[in-house]
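**Student:** Per our numbering, the sequence shown starts with residue 5, numbered consecutively.
Before I ask anything, let me first share the structure, which is written out below as structure tokens.
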Amino acid sequence: VQLQASGGGLVQAGGSLRLSCVVSGSAGAIDRMGWVRQAAGEQREMVAGISSDGATKYADSVRGRFTISRDNGRLAVYLQMDRLNPEDTAVYYCAAARAYSSTWSYWGQGTLVTVSS
């Protein structure tokens with residue numbers, strides 16, 4: 005199973021970005037998908053997650069500004085990020101979990117999001 009993320013870049017504070025992640029390989033058992041970020045010198049932080057039935061979870065720091073969605077047909081997950089602020093600067097990783105797994109089973113490569121003030 006491989007996860008390919010894209011969509012990072014440089015944006016000014018208040019701007020928007022949309023991250024995409026497509027899963028390929030033997031991905032039939034994928035249930036939850038999500039995004040995790042890691043700022044320089046910080047631990048990884050779960051940003052948002054979405055289950056196969058569409059239930060979502062968000063970190064308090066992004067709720068109301070970020071929207072996670074998925075395309076089960078393409079096995080892809082997206083993160084629409086609005087009203088970005090410099091504290092959102094981080095490497096963003098997409099992740100996927102098999103059914104009944106309490107941890108992420110697969111990780112994509114990171115995509116850097118930089119928000120300038």
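C-beta: ideal position from N, C-alpha, C; glycine also.
If you're wondering where the values come from, they're calculated on a predicted model, not measured in any experiment.
1. In the structure shown, what three-state DSSP assignment does E91 receive?
2. Which residues in the same chain have their Cβ closer than 6 Å to the Cβ of R41, if we skip the five residues on either side of it in sequence?
3. Quick one: residues in its chain with C-beta nearer than 6 Å to the C-beta of K61, no 5 flanking neighbours on either side, listed in chain order?
4. So, is R74 buried or exposed, given that buried needs 16 or more other C-beta atoms within 10 angstroms?
5. Identify whether W111 lies in helix, strand or coil by the three-state DSSP scheme.
6. My output table needs one value for E46: the three-state DSSP class, helix, strand or coil.
7. Assuming Y62 is part of the beta strand (DSSP E), what are its boundary residues?
8. Considering only residues of the same chain and omitting the five flanking positions on each side of W108, which have a CB-CB separation below 6 Å?
**Tutor:** Short version:
1. In the three-state DSSP reduction, E91 falls in the helix class (H, G or I).
2. Once the five neighbours on either side are set aside, the close Cβ partners of R41 are E49, V51, A94 and Y96.
3. G53, listed in sequence order.
4. With 16 or more Cβ atoms within 10 Å of its Cβ, R74 is classed as buried.
5. Of the three classes helix, strand and coil, the one that applies to W111 here is strand, per DSSP.
6. E46: coil per DSSP, three-state reduction.
7. Element bounds for Y62: T60 to Y62.
8. Once the five neighbours on either side are set aside, the close Cβ partners of W108 are A99 and A101.
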